[in-house]
Amino acid sequence: MTKLNEYKEQAQLEPKSRYVSEAWSAWREMRLQTLNRITNYLFILNSGALLAALTYVATKGANGGILNSIWFFAFGIFCSALHATLDYYLTESSFSAYRKDVTSLYEFKLDWEVFVDRNEHRPPLDWLLHIVGWLGGLAFFIGLVYGLRQIPGT
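In terms of the working numbering, the sequence shown has 184 at position 121, counting the first letter as 1, and numbering is strictly consecutive.
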């Protein structure tokens, strides 16, 4: 295993430094995208609430059907908030681990090969985000269909 300070030639150090910089930029970009997604989810939350309110107003009264629709929208809103929260914290956790590894690399406490292996094999939890996202979308669709069926003349 080779520590970074054991590379003496600039030709050996340059690609490694470029690798670290590119990965750092990728993590920063993912972090910024996550924050942007949170803003987008707030739009989804408001849209779901508006649609639920319009559906309720269109029926001019609360019945079991409209209440079910509102509960589906509420569950969809919960899924959206959960997705945004999980996405942010998973990205933040992974980026923090990467920053720690970069610090160890530059302090010559971590071998280059170990650093690359850790960076290439960070366990993503995308499957969890996909499940929560699809649940939210499904709840929104079911709530929409259920609510539209409550409007007279549709």
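Where a beta carbon is used, it is the ideal one built from N, C-alpha and C, also for glycine. Since the structure is predicted, the reported quantities are computational estimates derived from the model, not experimental observations.
Lys-79 carries a helical assignment under DSSP once its states are collapsed to helix, strand and coil.
In the displayed model, Lys-163 falls within a helix according to three-state DSSP. When DSSP reads this structure, Lys-172 sits in no beta bridge, so it has no partner. Ranking Ala-137, Met-93 and Arg-91 by CA distance to the CA of Leu-113 puts Ala-137 first. Excluding residues up to 5 positions away in sequence, Ala-202, Ile-205, Gly-206 and Tyr-209 lie with their Cβ nearer than 7 angstroms to the Cβ of Phe-135 in the same chain.
Contact between Ile-214 and Ala-116 does not hold, since their C-beta atoms are separated by about 13 angstroms, which reaches or exceeds 8 angstroms.
Only residues of its own chain outside the window of five on either side were considered, and among them none has a CB closer than 7 angstroms to the CB of Glu-183.
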